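What follows is one structure encoded as structure tokens, with my remarks underneath.
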Amino acid sequence: MDAILHATPGNPIPGTPLVGFFEGYRGVRLRYAIFRSSAPKTKGTIVLLHGRNEAIEKYFETIRDLNERGFWVATYDFRGQGGSERLLKDPRKGHVGRFDHYIRDLEIFLEQIVLPDTRLPFFLIAHSTGGLIALKAAPRLSNRIERMVLTAPFVGLGGQKTSPENIRRLATLASFTGFGKITLNKDEPLKPFEANPLTTDALRFARNQRLILDHPELALGPPTARWLHESQKAIDDVRRPGHLASITVPTVIIAPGNDPIVPFHFQESLAQYFRAGQLVPVPGARHEILQEQDRYRTQALAAIFAFMPGGEPDEADPIGELTDSALES
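Per numbering that gives the first Met the number 0, the sequence shown runs over residues 0 to 328.
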């Protein structure tokens, strides 16, 4: 199988990326892409980590924004999702054996793809589950990653019909009784825009739905009990004050204020014990802030461009002006 990217209406492939597979932990084939910036001055490379049930294609718009600002972007699909190798016979099930397998994959990606094939310095942007992976790996990233931005990092669970405590108990019980590969809720491939927890932007929502309709092989269904158990353990680990104190990579947490999936109070609580971290609230935004309406998304991009690579925003830059108020809030 060739490593390819898929353009869909309204979602063209940025530039002419380098696309391929690399061998992740225990030989799992992971699809990756490197998007080079054509800007006169290169500012470095951003390693982009997605959320659960996301693929490289979903970030074409954001990758284009980063390229235009002089950043190269290196990204890959996590094991078991997108264009990477699936881990179970049923490709719709979102599964992982151990959460640390995600960490191993990230380290291999940095060593084998990012370091030899992209431009220094290295930064990291991570969304949701990608944010949890980044937080778990962060104590070991201090010599490689200059700065991190986490958007709605997965550090708590909300928006479920069953309470988080019961989900945790059921997932743990299933994992330890040989039923870790079952799912705890039904598969709903396509949900309507109304009352969706991800974005208030109907056009971007429709664009992402079109990607799933045209390329269903990129999509996932619900997570397995094992995935839930492993992710909850990782959340417990990264929320420990001792773990947060061990992270020295300067970090901005962009926290949507109306996020039903990772409620704001979990992200706010994380920031209280995170010495290297700074919270940037975006009131009104839902979970997928980089897929949100411009009035929310622009605030997130403003915070990113003010923080990376640590320089001042461009003069007379409206995004830079927005960032000052965003960082103060």
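Think of the CB as a built atom: it goes at the ideal place given N, C-alpha and C, for glycine as much as any other residue. The model shown is predicted, which means the values in this text are computed figures rather than measured ones.
Let's test the definition: count the other Cβ atoms within 10 Å of the Cβ of Phe175 and tell me whether it reaches 16, buried, or not, exposed. Here residue 175 refers to the residue found at position 176 of the sequence shown. Exposed.
Spatial neighbours of Arg35 within its chain, please: CB distance less than 7 Å, with the 5 preceding and 5 following residues excluded, ordered by chain position. Stepping through the sequence shown from its first residue, residue 35 is reached at position 36. Only Gly14, Trp71 meet the Cβ criterion.
Thinking His228 and Ala170 are a contact (beta carbons under 8 Å), I'd like their distance in whole angstroms, please.
By one-based count along the sequence shown, residue 228 stands at place 229. By one-based count along the sequence shown, residue 170 stands at place 171. The pair is a contact, with the Cβ atoms about 4 Å apart (cut-off 8 Å).
- request: Tell me the start and end of each unbroken alpha helix (DSSP H) in the stretch 32 to 108 that is at least 4 residues and wholly inside, in chain order.
  value: 59 to 67, 99 to 108
**Asked** Between the Cα of Thr117 and the Cα atoms of Arg296, Leu219, Arg143, which residue gives the shortest distance?
**Response** Your numbering for residue 117 matches position 118 in the sequence shown. Comparing Cα-Cα distances from Thr117 to each of Arg296, Leu219, Arg143, the minimum goes to Arg143.
Item to complete: Compare the Cα-Cα distances from Ser342 to each of Glu22, Thr199, Gly50, Leu65 and report the closest residue.
Response: Since the displayed the chain opens at 0 and closes at 328, residue 342 lies outside it and no answer follows.
Can you give me the Cβ contacts of Ala270 inside the same chain, cut-off strictly under 6 Å, excluding the 5 residues immediately before and after it?
As a first step, residue 270 must be located in the sequence shown, where it is residue number 271. Excluding positions up to five away in sequence, the list reads Ile252, Gly276, Leu278.
Review point. How would you call Ile288, buried or exposed, if buried means at least 16 neighbouring beta carbons within 10 angstroms?
Key: In the sequence shown, the residue the question calls residue 288 occupies position 289. Ile288 is buried by the Cβ-count criterion.
### Query
With C-beta atoms as the reference, is Ala6 less than 8 Å away from Leu17?
Along the sequence shown, read from residue 1 onward, the residue named residue 6 stands at position 7. Along the sequence shown, read from residue 1 onward, the residue named residue 17 stands at position 18. Not in contact: Ala6 and Leu17 (Cβ atoms no closer than 8 Å).
Helix, strand or coil: how does DSSP classify Phe121 here? The residue given as residue 121 occupies position 122 in the sequence shown. Here Phe121 sits in strand by DSSP.
By alpha-carbon positions, which one of Ala194, Ile55, Glu187, Glu22 ends up nearest to Ala125?
Position 126 of the sequence shown, counted from the first residue, corresponds to residue 125. Ranking Ala194, Ile55, Glu187, Glu22 by Cα distance to Ala125 puts Ile55 first.
> Which parts of the stretch 127 to 173 are runs of the beta strand (DSSP E), unbroken and 3 residues or longer, counting only runs that do not cross its ends?
Replying inline: 147 to 150
message = Using the three-state DSSP reduction, which class does Ala254 fall into: helix, strand or coil?
response = Sequence index remark: in the sequence shown, residue 254 carries index 255 (1-based). Three-state DSSP puts Ala254 in a strand.
* Count the other CB atoms within 10 Å of the CB of Ile12; is the residue buried (16 or more) or exposed (fewer)? -> If you number the sequence shown from 1, residue 12 lands on position 13. That one is buried.
Cα separation between Asp1 and Arg274?
As a first step, residue 1 is located in the sequence shown; it is residue number 2 there, counting from the start. As a first step, residue 274 is located in the sequence shown; it is residue number 275 there, counting from the start. Approximately 43 Å between the Cα atoms of the pair.
| said: Could you check whether Pro152 and Leu123 sit closer than 8 Å to each other, using their CB atoms as the reference points? | reply: The sequence position of residue 123 within the sequence shown is 124, counting from 1. The sequence position of residue 152 within the sequence shown is 153, counting from 1. No, Cβ-Cβ distance for Leu123 and Pro152 is not below 8 Å.
With three or more C-beta pairs closer than 8 Å as the rule, is the stretch 211 to 225 touching the stretch 108 to 116? no
* To do: Can you grab the Cα-Cα spacing for the pair Arg85 / His94, in whole Å?
  => Working through the sequence shown from its first residue, we reach residue 85 at position 86. Working through the sequence shown from its first residue, we reach residue 94 at position 95. Rounded to the nearest angstrom, the two C-alpha atoms are 8 Å apart.
Item checked: Delimiting residues of the alpha helix (DSSP H) encompassing Phe306 -> Start at 1 with the first residue of the sequence shown, and residue 306 comes out as number 307. Taken as a continuous stretch (DSSP letters only), the alpha helix (DSSP H) holding Phe306 covers 293 to 306.
_Restricting to Cα atoms, I'd like to know which of Glu145, Pro221, Arg78, Met147 is closest to Glu22._
Sequence index remark: in the sequence shown, residue 22 carries index 23 (1-based). Out of Glu145, Pro221, Arg78, Met147, Arg78 has the C-alpha closest to the C-alpha of Glu22.
Where does Pro317 fall in DSSP's three states?
On the sequence shown, position 318 is the one that residue 317 refers to. Residue placement at Pro317 is flagged as unreliable, the pLDDT there being 42, under the threshold of 50; the coordinate-derived value follows with that caveat. Of the three classes helix, strand and coil, the one that applies to Pro317 here is helix, per DSSP.
For this session: Output the boundary residues of the beta strand (DSSP E) element that contains Val281.
Result: Here the question's residue 281 lines up with position 282 in the sequence shown. Its beta strand (DSSP E) spans residues 276 to 281.
Q: With DSSP as the reference, label Pro196 as helix, strand or coil.
A: Residue numbering aside, residue 196 sits at position 197 when the sequence shown is read from its first letter. Here Pro196 sits in coil by DSSP.
message: Rounded to whole angstroms, what is the Cα-Cα separation between Glu327 and Val281?
response: Within the sequence shown, the letter at position 328 stands for residue 327. Within the sequence shown, the letter at position 282 stands for residue 281. With a pLDDT of only 39 at Glu327, under the threshold of 50, the placement of this residue in the model should not be trusted; the figure read from the coordinates follows. The straight-line gap from Cα to Cα measures roughly 11 Å.
Query - Short CB-CB distance (under 8 Å) between Asp236 and chain C - result: Here chain C cannot be found, since the structure has a single protein chain.
Taking C-beta to C-beta, are Pro120 and Pro308 nearer than 8 Å? To locate residue 120, count along the sequence shown from 1; it is residue 121. To locate residue 308, count along the sequence shown from 1; it is residue 309. In contact: Pro120 and Pro308 (Cβ atoms closer than 8 Å).
Put Leu241 into one of helix, strand or coil per three-state DSSP. Along the sequence shown, one-based indexing puts residue 241 at 242. Inspection of the sequence shows that residue 241 is occupied by Gly rather than by Leu. Residue state, collapsed to three classes: helix.
* Asked: CB Leu210 to CB Asn10, shorter than 8 Å?
  -> For the purposes of this step, residue 210 is taken as residue 211 along the sequence shown, with counting starting at 1. For the purposes of this step, residue 10 is taken as residue 11 along the sequence shown, with counting starting at 1. Contact: yes.
Checklist entry - Near Val248, what residues of its chain come up, given a Cβ to Cβ distance below 7 Å and the 5 sequence neighbours on each side ignored? => result For the purposes of this step, residue 248 is taken as the residue at position 249 of the sequence shown. Cβ neighbours of Val248 beyond the five flanking positions: Ala137, Leu140, Ser141, Ile144, Arg146, Met147, Ala275.
*Compute the Euclidean distance between the alpha carbons of Pro8 and Arg206, then round it to the nearest angstrom.*
Residue numbering aside, residue 8 sits at position 9 when the sequence shown is read from its first letter. Residue numbering aside, residue 206 sits at position 207 when the sequence shown is read from its first letter. Rounded to the nearest angstrom, the two C-alpha atoms are 8 Å apart.
Practice problem: Would you mind giving the Cβ-Cβ distance between Gly220 and Lys92, rounded to the nearest angstrom? I have them listed as a contact below 8 Å. | Solution: Position 221 of the sequence shown, counting from 1, holds the residue named residue 220. Position 93 of the sequence shown, counting from 1, holds the residue named residue 92. Their Cβ separation, rounded to whole angstroms, is 6 Å, which keeps Gly220 and Lys92 in contact under 8 Å.
Exercise. Gly19: beta carbon under 7 Å from a heavy atom of the ligand GTP?
Worked result: Here there are no bound small molecules, and the ligand GTP is not part of this structure.
| query | With distances taken from CA atoms, which of Gly82, Leu29, Glu60 is nearest Asp104? | reply | In the sequence shown, residue 104 corresponds to position 105, counting from 1. Nearest of Gly82, Leu29, Glu60 to Asp104, Cα basis: Leu29.
Where the alpha helix (DSSP H) containing Glu22 begins and where it ends: Here residue 22 refers to the residue found at position 23 when the sequence shown is read from its first residue. No alpha helix (DSSP H) contains Glu22, which is instead part of the beta strand (DSSP E) from 17 to 22.
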